[in-house]
Every structure is written in structure tokens, then in C-alpha cells.
Amino acid sequence: MSSSSTETGAPKTTTKPWTGQDLPRKEDKRLLAGQGQFVDDVWMHRQGYAHFVRSPYGHARVVSVDVGPALEMAGVYTALTGSEVKEMCDPFFQIAPEPGGKIEEFPLAVDKVRYQGDPVALVLAETRELARDAAERVRVEYEPLDVVVDAVAAADPTSPVLHEEIGHNVAWKGEYSYGDIDWALENADHVVKIDRLHFHRFSSTPLETFGAVINWDPGTDMIEIRSNNQMPIFGTMMLSPTLRAGADQMSWYSQDIGGGFGIKIASYPQIGALALLSRKAGRPVKWSETRSEHMLSSGHGSERTFLDLEAAVQADGTILGFRVRAFDDAGAYLHYEPLGAVIWAQVLTSCYRFKHINVDYTETLTNKCPTCPNRGYSRLQHMWMIERLVDTVAKQLDFDPVELRKINYVQPEDYPYETPNKCVYDSGDLPQELDLALEKLGYAEWRQKQAEVNAADNGKRIGIGIGSTLDSGTNNFGQAQIVNPDLPFSGNGEAAIAKLDVYGELAVYLGTTPQGQSHETTTAQVVADILGCDPGAVRVYAGFNKEQSTYVGFSGTYASQFAVTGIGAAIGAAEKLRGEIVALSAFALQCEESDIVLADGVASYRGDEERAIPMIGVANLCYSNVAVLPDELADRVSLNCRYVYRPPFDPPDPETKTGNLTLTYANQIHAAVIEIDEGTGKVEILDYVAMDDCGSRINPAVVEGQVHGATAHGIGAALHESLDYDEDGNLLQATFWDYHPATALDVPRLKTGHVESPSPFSKNGAKGMGEGGGAPLGTLCSAIQDALGKDVLVTDTHNPAERVYELLEGLRNGGGQSGVEVTSR
Amino acid sequence: MAEVEETHSIEFELNGERRATVVPGRELLVHFIRDDLGLKGTHIGCDTGNCGACTVRVDGQLVKSCMMLAAQLDGCAVETIEAGPAEELREAFNAEHAVQCGYCTPGMLASAAFLLERNPNPSSDEIRRALKGNICRCTGYENIVRAIERVANGKATAGGAL
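If you read the protein sequences in the order shown, they are chains X and Z.
Throughout the first sequence, residue numbering follows the numbering used here, covering 1 to 825 in sequence.
Throughout the second sequence, residue numbering follows the numbering used here, covering 826 to 987 in sequence.
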């Protein structure tokens with residue numbers, strides 16, 4: 001491989017660009033040697049170990065907290081209780097307007113605990129084991145209260161109230177209405193009604209749990225936060241007012257992060273409590289969350305119940321739209337919520353051309369772990385409901401599920417396609433992608449095999465399913481105004497610095513906090529193309545370092561945006577740097593800037609490679625030999641170039657709940673064949689295809705890795721992983737034994753493929769894509785439904801053997817209680 | 826109410842080097858490796874022996890170091906990621922994009938090396954069975970399986986891109 005070159009004026013490459021190649025990852029060298037630096041690898045001098053005391057109850061009044069017995073133990077430094085915390089800080093700022101906005105949440109629970117795992121005290125001790133022992137000696141007297149663990153029940157005014165300051169459990173409520181669904185339902189040839197669908201609670205459970213090492217320096221008043229939080233500036237926004245500290249006082253650092261998937265946005269409450277503990281102790285505090293703590297209290301993915309879903313369908317299969325009541329279960333507090341109450345609207349119609357939609361959305365508080373962003377946040381839920389709707393329409397009205405999708409998909413010629421709520425889908429070719437998926441699956445052959453197996457009546461049933469989803473990336477944060485018109489948020493962006501250092505070293509500093517997304521590699525590829533060098537010559541600083549990096553309010557790694565925002569910032573910064581390098585080189589080589597060529601790490605005169613200056617020479621002119629430069633050039637260059645990428649967004653209209661909510665729309669079409677054992681209900685995946693279209697791919701192998709990971713999460717959630725509470729508010733899966741995150745045996749060998757529809761809206765044609773759209777959830781439900789036929793309905797995202805067995809029992813008992821009703825004119 | 830903690834004097838081999846020390850009776854091997862020996866390549870993911878992030882070799886056997894006490898190391902030889910696993914495996918993991926966040930990676934390498942020592946030509950199914958005790962939340966296992974197949978097929982070369 002040889003490096004590409006770029007020239008001033010119209011950039012042109014003389015050889016294959018680095019962008020688009022399957023370059024091996026730069027990050028791997030340290031990670032494969034066990035030399036990554038994760039948060040638990042960080043220690044500070046004089047640090048103590050912190051341990052949280054957590055509620056065993058789902059809902060209880062805290063009568064008293066006595067830390068005395070803990071403090072008596074030798075080696076215990078201090079302890080912190082909710083009532084102390086209430087004096088030391090202010091409640092977290094709430095994103096929600098009233099009623100949710102009235103919630104008073106402190107970093108530790110004060111008078112009440114509202115979910116199992118709610119922290120009531122912190123203990124700091126010399127060793128990890130001692131801190132744990134001491135925490136067990138903290139005496140907490142609780143007065144248990146009735147619990148509510150269902151989102152729909154929580155909306156009932158007679159249900160136990162979590163937050164007395166609200167007086168009920170409805171945190172946010174709003175109606176999203178587009179077109180005329182009443183007219184559509186009255187005039188459609190068919191109305192298909194589904195009583196209830198339930199999207200279950202699960203979490204991507206990053207393998208590295210939360211952790212932090214924090215020092216609130218008593219001398220400087222600086223708060224040094226070493227953590228694995230994945231959106232530290234959001235953390236600053238939440239914590240600065242709570243801790244009564246300036247944003248400038250809070251210094252966040254991270255290097256390697258062991259997976260995040262959105263969940264690690266939600267570590268700010270714990271970080272707040274630990275900062276206060278450090279302030280009280282006058283020493284650094286170190287906290288490593290246990291897996292059980294993570295399962296209980298870190299943050300869960302969104303759970304949503306859909307009631308009274310009604311779809312208007314024409315005789316030719318055109319689905320005009322739908323009406324539904326959605327109840328989102330936020331858990332006990334609003335962490336990042338109620339942003340989920342609008343984020344689903346980025347994909348209002350999913351992959352389809354529905355015109356008439358009415359969603360009555362209610363978010364309630366329950367005695368469960370607070371939810372937070374989790375891979376595909378809030379969109380998975382909505383798109384799964386739509387896939388169930390489309391699939392059920394096909395099954396009940398005897399449409400071919402492939403043709404029905406194709407009729408209703410947004411068509412290639414429709415792009416840019418404006419949805420009823422004025423989101424703009426950028427590009428794609430869904431019908432072609434579906435054809436490719438089915439071809440890879442061997443659809444016709446499997447249909448034949450299915451007919452044979454299902455007719456044989458030998459205790460096995462085969463089902464074939466399809467799932468189509470979008471991965472909307474690069475949010476317009478103005479959508480926050482749709483849930484709270486008073487929030488002064490809008491747009492999005494990311495910052496980067498490209499620098500030529502003293503001896504000609506190329507460095508790029510990002511404001512992002514990757515958790516495995518290969519930012520060092522992909523950034524180096526893009527920058528190398530701009531600066532005419534080898535990616536190996538570009539050192540990328542991807543871990544967050546508030547002093548060294550540059551950032552904007554939206555910085556971080558979340559919501560499928562790096563390929564657009566982070567890379568957009570890196571491109572902008574590298575182009576600025578290239579301009580300065582070219583200007584300095586033109587001065588040194590006594591020629592016009594347009595005559596300079598950057599290639600192989602050297603600036604040379606076009607057509608005469610001998611007339612050249614290496615990067616060390618360029619750097620010398622700016623850093624150490626500045627008196628030789630004319631003033632106008634010296635004033636212009638710093639070789640330290642910051643650029644902020646800002647996508648073109650306008651604030652949405654909160655009144656009509658319309659506007660462009662996201663810049664890019666990657667899409668996924670999955671297809672699977674499953675076999676059900678009728679004796680046990682066990683589902684086995686026989687074949688699985690995952691197609692993806694994320695526009696121009698910077699590093700296809702990196703993209704493919706994200707597709708694999710997102711697919712595994714979806715398969716795990718559909719068949720194995722669930723976070724369930726009993727009627728007393730006890731979490732039933734508080735360890736990996738009970739939760740069973742997908743193993744290598746649970747994920748089949750995947751067949752993958754792609755369509756490449758460059759986005760017209762991003763600098764490089766790329767679309768963000770890391771989250772995936774949760775296509776496996778729709779696909780596997782569709783396949784199970786296909787195996788079972790039309791007399792029972794798959795109503796839940798989670799279908800372990802016992803649930804499928806129940807559906808089979810329903811069939812054996814004659815079906816008929818499916819919860820689906822079809823009315824035809 | 827400080828209690829006198831029981832301690833044990835142990836002698837062991839760490840990555841080929843003889844060592845002797847005294848450890849608290851309750852200390853887990855993984856904490857001993859990370860906190861006392863200062864070797865941070867062994868990770869903690871679940872505390873219950875499910876995830877394999879803490880996998881090391883003790884007397885050649887695969888051990889989840891959160892499931893063993895440091896005191897039990899007496900007379901044993903422990904090998905961690907810092908000993909440097911097979912270069913072919915690391916090259917193959919890099920070439921096949923088998924790493925994302927890297928947190929599971931040291932444990933995965935240990936299990937992969939253990940498998941290949943006993944079965945140099947494992948089938949895809951045998952590879953997946955051998956990785957059952959190592960959870961990866963990023964890769965969906967696909968590229969990890971491919972990396973091990975790459976070594977088994979003799980396509981990996983020591984001293985590649987790394």
C-alpha cells in the first residue's frame with residue numbers, strides 16, 4: 001500500500017485513499033497486550049475505596065441511617081448519608097417540565113428509597129474488602145411501602161406514588177399527531193387492531209462496569225474525575241449545578257472504556273455522590289461497581305407497553321398509518337429521560353411511508369431501576385412495534401410479508417424523504433436490500449424446507465422472519481424542546497484539534513469517548529488522506545481529557561454520530577492544518593501555495609520532488625524559527641487547528657412536534673430462519689442474514705464489527721436477556737448467572753452484506769451506524785410468528801422457551817385468544 | 826472492632842519468575858494479580874465466574890481468577906496476559922478485527938490459546954464451545970471465531986501488523 005497524496009486547490013488522490021480500506025486497528029496493540037488503561041486500572045495516592053449501601057426494598061421510607069458502627073472499624077475513613085448530601089448539594093437539574101420536572105433527586109436517596117439498589121449511604125475505607133464490610137455495618141431502618149412495577153398500572157391515580165412532590169407517577173405525557181388517523185381508520189378497507197404489545201427491559205451490560213476515581217482537591221478546589229462515563233460534558237451539565245461547582249472545576253479523563261452502549265451516560269449520579277465523598281474525606285475515592293450493583297442500579301434499557309394499536313390498511317396492502325397508546329417505564333428517576341419521549345419520533349414511520357399517525361405517549365415512574373440510553377435508545381421500541389404491526393397485517397390479511405414490506409417501504413426515488421413529522425430520510429434502497437437479504441438467506445429454498453418440516457408434524461416447526469429498521473444518527477438536540485419547550489438546547493456538533501508538533505509529529509485530539517468504536521483508526525485514515533501521509537504517522541487521542549482535548553456541549557460517543565460529527569470535526573481540523581502547512585511550505589520553497597503537494601509526509605513543489613520540506617522543517621518555522629516569517633504569515637499559523645463540525649439543523653417546532661430530528665438514517669434489513677421445538681418451546685436459529693446500509697464506509701471491517709455486535713445484542717435480548725421484577729420490586733436477574741448475556745453459543749454464524757447509499761447530508765457520505773436498529777428483535781418475533789401461524793400473536797420482544805411454549809399451548813387450545821381483531825369494510 | 830485478618834505465606838511462579846509473599850486469606854486471586862502484583866491486563870467483569878474477563882492460567886489450566894483465592898496459589902505457577910500470549914493469536918485478532926473495546930480480550934486470548942494447544946484444528950463449533958465461558962459484548966463473537974480459525978488454518982503469522 002502506498003500513501004495517497006493531496007494537493008492544494010481541488011484535492012485529488014494519485015493512489016487509493018486510506019478512507020474506505022479495512023485497515024487493522026491502531027488501538028489493538030495495547031489492548032492485545034493487556035496494556036489498555038481502563039478506569040479500574042487508575043489509582044491515586046492516598047485513595048480510599050468507596051462502597052455504596054443500597055436499598056434491599058423496591059419502595060420504602062428511610063426512617064434512619066446510622067453509620068456509627070461502620071466508622072468504629074479501624075481503617076474506615078468516613079461515611080456519607082443522604083441527609084448530609086442534601087445539605088452539601090442541590091437536586092439534579094431535570095430535563096423534564098412539570099410534572100416530571102418537580103422530582104427532587106439527590107446523589108444519594110434522602111427520605112425514601114424508590115427501587116431496589118437505590119443508594120442510601122457511602123462508606124470510604126482503606127481497602128476494598130474493608131469498605132464492603134463497613135457498608136454492611138451501616139444500620140438503615142426502612143418502613144416498606146407498596147410498590148408499582150408496571151408502567152400502565154403506574155399511570156393509574158390509585159397506584160403507589162413514588163414522588164410525593166408530583167402526587168402521581170406520570171412523568172411526561174404528550175400526543176404526537178400527524179395526518180388524519182381518524183379519517184384513515186374510518187375509510188380504510190381493513191383495520192387491524194392489536195390489544196397489547198410489550199417491549200421488555202434489558203441492557204447491553206458492558207463487560208466493564210461503572211467505575212470512577214475522583215479527587216476533589218481541598219487546595220485547588222478542582223474535581224478530577226477519572227471515569228468511564230461516555231458523555232462527560234453532559235455529566236458536567238448535570239453535576240456542576242448539583243455540586244455547586246463551576247463547570248471549569250470539573251476535569252474529566254478517560255482512556256479505554258470497556259463497552260458503553262449508552263448505559264455509561266448514566267453514571268453521573270454515582271460520580272456526584274463520590275465527588276461529595278471525596279470532598280468530605282479530603283482524599284481521592286476509588287469506586288469499582290460490582291456486577292450486581294450494575295444490574296440493580298446502573299441503568300436499564302427502555303421498557304414500553306403499547307395498547308390499542310390500530311392500523312388502517314387498504315385492499316392493495318398500503319398501510320395508511322396507525323394509532324397507539326405507548327406507556328414508557330422510566331423506572332424510579334428520570335436519568336436522561338424524558339428525552340426518550342421524543343427520540344423515538346426520529347423514526348416515526350420506521351422504514352415505511354405511513355401518512356397518518358397518532359401516538360399518545362405517557363412516561364411513568366415505577367419502582368424499578370431508572371432507564372437510560374441503551375443501544376438504539378427509544379427507537380428500537382417504536383420500530384419493533386411497527387414491525388409487529390406490519391407482520392401482523394401480513395399474517396392476518398394473507399399478504400406476502402415480503403411484498404407487503406416492499407409496497408410500504410420508502411422507495412429509492414423518494415429520497416430525500418420527508419416524514420409526516422418533517423424528519424428527512426437521506427438515502428437508501430430498501431427493496432433492493434431486502435432482495436439481497438433474502439437471496440443470501442436462500443429464501444425460496446427455506447420456504448420449501450419449511451413446508452416439508454411443518455407438514456411432517458414431528459415436533460418441529462420452522463419459521464422465517466424479516467425485520468427492517470433504521471439507525472438514526474446525529475441528533476438535533478432541539479428535539480429536547482418537544483418534551484420541554486423551555487430547554488435552550490438545539491443542534492449538535494463535535495470538536496477536534498489537528499496539530500503538527502515541534503518535531504513534525506501529527507496529532508489529532510477528539511472530544512469523543514469511544515468504547516470500542518475504533519476512533520483512533522478511522523480518524524487516522526481520514527486525516528492521512530488529507531495530509532498526504534501514512535495513518536501510522538497520525539497519533540489520535542481519543543480518550544477524553546478535558547484539558548488536552550477540545551469539546552462542545554454535545555461531545556461524547558453515543559447515538560450513532562461519530563462518522564458524521566467526530567469525523568466531520570477531524571476533517572475540518574485537518575483541512576485547516578493542511579492550509580497552514582501548505583502556507584509555510586510555500587514560503588519555505590518560495591512558490592505559490594497552489595504549487596505545493598503533500599505526499600508521503602513531505603511537502604514538495606509540484607513536479608520536482610527534490611524541492612521539498614519535511615514536516616519537521618515546517619514545524620520549525622512555526623515553533624522555533626518564527627523571526628524568519630513575514631508577519632502576515634506568522635500571525636496566521638499556529639499548527640494547532642481547532643474545528644467544530646456543526647450539522648445544519650434548525651430548532652424543531654414544539655407546538656406541532658415537527659422538524660428534522662436527525663441528520664442521517666442508516667438502515668438494516670435482517671432475515672432469519674428459526675426452528676421451534678414443540679416439546680419445549682426452545683427456539684434455535686438455523687440461518688441469519690444481517691444487511692446494512694450506512695452510506696460511505698470509512699473502514700468496512702469496523703462497520704461490520706458494529707453490525708455483528710448490534711445483531712448479537714438483539715438476538716440475546718430476543719431469546720435470553722431480560723430484567724424482570726417480582727411484585728415486591730425485587731430484581732430477578734442481579735447476576736450474569738441469571739441474566740445470561742449472549743455467549744458464543746447463543747449467536748449463530750452471521751451472513752452479512754451491505755448496500756452503500758452515500759448520505760447527501762454528511763461531509764463524507766457516511767451515516768452513523770453503531771447502534772443498529774434492533775432488527776433482530778423484529779426479525780425473530782416475525783420468524784416465531786411465522787412458525788406459529790395466525791391463531792396466536794407474538795406480543796413480547798422477549799421469547800425464551802417458556803413464553804414460546806405458552807404460545808404453543810394457546811395453539812393447542814384452539815387459539816382464538818390472540819389479541820388481534822380484523823375489521824374489513 | 827478491628828479483627829485480626831488471617832494471612833497466608835505463599836510461594837508461586839509469576840509469568841516464569843519465582844515469588845514469595847503474604848496474602849490475606851480472603852483475597853481473591855484477581856485482586857491479588859491486579860492490586861498487589863500490579864498487573865492490570867487481567868480484568869473483572871462479573872464477580873461470579875461467568876464472563877471470563879479475569880481468565881488466567883494456573884499450572885497450565887484455565888482459571889477464572891475471581892473464583893480462586895490468592896492463598897490457593899501457593900506452589901503454583903500463574904500466567905497472565907503480561908507473559909505475552911502466542912503472537913499468532915494476537916496477529917490474527919488484529920487482522921480479523923476481533924477486538925473492539927478490548928476488555929474481554931486478555932481472557933479471550935487465554936481461552937483461545939488453551940483451545941489451540943489441545944486442538945490445533947478446531948471446528949467452528951468447537952471454537953464456540955471453547956469460548957462459552959468468555960463473554961464479549963462488542964463483537965458478537967464472529968470475528969473472534971474467525972481469528973482463531975485463522976490461526977488454526979495456518980494463515981496467521983507472527984510479527985504481523987503488531
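Yeah, the Cβ is synthetic: ideal placement off N, Cα and C, and Gly gets one too.
Bear in mind that the values here come from a model prediction, so they are computed numbers and not experimental data.
### Query
By a C-beta neighbour count over all protein chains shown, 10 Å radius and 16 as the cutoff for buried, is residue 451 of chain X buried or exposed?
Classification of residue 451 of chain X: exposed, given that the 10 Å Cβ count is below 16.
### Straight-line Cα distance separating residue 302 of chain X from residue 71 of chain X
Cα-Cα distance, rounded: 39 Å.
### Query
According to DSSP, is residue 781 of chain X helix, strand or coil?
Secondary structure of residue 781 of chain X (DSSP, three-state): helix.
### Query
Span of the beta strand (DSSP E) holding residue 889 of chain Z?
DSSP places residue 889 of chain Z inside the beta strand (DSSP E), whose first and last residues are 886–889.
### Task
Quick one: residues in its chain with C-beta nearer than 7 Å to the C-beta of residue 891 of chain Z, no 5 flanking neighbours on either side, listed in chain order?
Counting only Cβ-Cβ distances below 7 Å, and skipping sequence neighbours, we find 853, 855, 869, 872, 874, 879.
### Task
Please determine, among X/205, X/425, X/535, X/421, the residue with the shortest C-alpha to C-alpha distance to residue 414 of chain X.
The residue among X/205, X/425, X/535, X/421 with its C-alpha nearest the C-alpha of residue 414 of chain X is X/425.
### Task
Leaving out five residues on either side along the sequence, give the residues of the same chain with a beta carbon under 6 Å from the beta carbon of residue 337 of chain X.
Closer than 6 Å at the Cβ level, and outside the excluded window around residue 337 of chain X, lie 330.
### Query
Cβ of residue 707 of chain X within 9 Å of Cβ of residue 437 of chain X?
No, the Cβ-Cβ distance between residue 707 of chain X and residue 437 of chain X is not below 9 Å.
### Task
With DSSP as the reference, label residue 668 of chain X as helix, strand or coil.
Strand, per DSSP.
### Query
How about residue 31 of chain X: is its C-beta nearer than 9 Å to some C-beta of chain Z?
Residue 31 of chain X counts as touching chain Z.
### Task
Please name the residue, chosen from X/276, X/467, X/298, X/401, that lies closest to residue 350 of chain X on a Cα-to-Cα basis.
For residue 350 of chain X, the closest C-alpha among the options X/276, X/467, X/298, X/401 is that of X/467.
### Task
Note the first and the last residue of the continuous alpha helix (DSSP H) segment covering residue 853 of chain X.
Nothing about residue 853 of chain X can be reported from this structure: the residues present for chain X run from 1 to 825 only.
### According to DSSP, residues forming a beta bridge with residue 323 of chain X
In the DSSP output, where bridge partners are listed per residue, residue 323 of chain X has X/310, X/358.
### Task
Go ahead and pull the three-state DSSP assignment for residue 502 of chain X.
In the three-state reduction of the DSSP assignment, residue 502 of chain X falls in the coil class.
### Message
Rounded to the nearest angstrom, what separates residue 802 of chain X and residue 388 of chain X at their Cα positions?
### Response
CA-to-CA, the gap between residue 802 of chain X and residue 388 of chain X works out to about 20 Å.
### Within 9 Å, strictly: CB atoms of residue 269 of chain X and residue 335 of chain X
The answer is yes: Cβ separation under 9 Å.
### Query
What residues in the stretch 897–921 of chain Z have a beta carbon less than 8 Å from any beta carbon of chain X?
Contact residues of the stretch 897–921 of chain Z toward chain X are 905, 906, 907, 909, 915, 918, 919, 920 (C-beta to C-beta distance below 8 Å).
### Query
How about residue 661 of chain X: is its C-beta nearer than 9 Å to some C-beta of chain Z?
At a cut-off of 9 Å between C-beta atoms, residue 661 of chain X does not count as an interface residue with respect to chain Z.
#### Entry: Separation of residue 378 of chain X from residue 659 of chain X, as counted between CA atoms
Cα to Cα, the separation comes out at about 18 Å.
### Query
Using a C-beta cutoff of 9 Å, does residue 878 of chain Z count as contacting chain X?
Residue contact check for residue 878 of chain Z against chain X: a CB pair falls below 9 Å.
### Query
Is there at least one Cβ from chain Z nearer than 9 Å to residue 11 of chain X's Cβ?
In this prediction, residue 11 of chain X scores a pLDDT of 39, lower than 50, which makes its location untrustworthy; no coordinate-derived value is stated.
### Cα-Cα separation, residue 605 of chain X to residue 593 of chain X
For residue 605 of chain X and residue 593 of chain X, the distance between alpha carbons rounds to 9 Å.
### Task
Could you tell me whether the Cβ of residue 980 of chain Z comes closer than 9 Å to any Cβ of chain X?
Chain X contact via Cβ: absent.
### Query
When you compare only the Cα positions, how much space is there between residue 635 of chain X and residue 507 of chain X?
Distance between the alpha carbons of residue 635 of chain X and residue 507 of chain X is about 22 Å.
### Query
Run through DSSP, which three-state label would residue 533 of chain X get?
Reduced to three states, the DSSP call for residue 533 of chain X is coil.
#### Entry: Closest Cα partner of residue 445 of chain X within the set X/433, X/462, X/458, X/429
Minimum Cα distance to residue 445 of chain X is reached at X/462.
### Query
Do residue 769 of chain X and residue 428 of chain X come within 9 Å of each other at the CB atom, strictly closer than that value?
Cβ distance not < 9 Å, so residue 428 of chain X and residue 769 of chain X don't count as in contact.
### Query
Under a CB-based cut-off of 9 Å, is residue 947 of chain Z close to chain X?
Not closer than 9 Å to any Cβ of chain X, the Cβ of residue 947 of chain Z fails to qualify, so no.
#### Entry: Per-residue DSSP class, three states only, for residue 29 of chain X
Under the three-state reduction of DSSP output, residue 29 of chain X falls in the helix class.
### Reduced DSSP secondary structure (H/G/I, E/B, other) of residue 279 of chain X
DSSP places residue 279 of chain X in helix when its eight states are reduced to three.
### Task
Return the residues of the stretch 856–871 of chain Z that lie within a Cβ-Cβ distance of less than 9 Å from chain X, sorted by chain order.
Only 856, 859, 860, 864, 865, 866, 867, 868, 869, 870, 871 from the stretch 856–871 of chain Z bring a Cβ to less than 9 Å from some Cβ of chain X.
### Query
When you compare each of Z/935, Z/904, Z/899, Z/932 to residue 848 of chain Z by their alpha carbons, which one comes out closest?
Selected option, being the one with the closest Cα: Z/899.
### Query
So what's residue 110 of chain X in DSSP terms, helix, strand or just coil?
In the structure shown, residue 110 of chain X sits in coil (DSSP, three-state: anything other than H, G, I, E or B).
### Task
Grab me the residues of residue 712 of chain X's own chain with a C-beta within less than 6 Å of its C-beta, minus the 5 sequence neighbours each way, in chain order.
Hits under 6 Å: 742, 747.
### Among X/783, X/555, X/459, nearest to residue 229 of chain X - alpha-carbon criterion
Nearest C-alpha to residue 229 of chain X: X/555.
### Task
Taking residue 906 of chain Z as the reference, give the member of Z/932, Z/913, Z/889 with the closest Cα.
Between residue 906 of chain Z and the set Z/932, Z/913, Z/889, the nearest pair of CA atoms involves Z/932.
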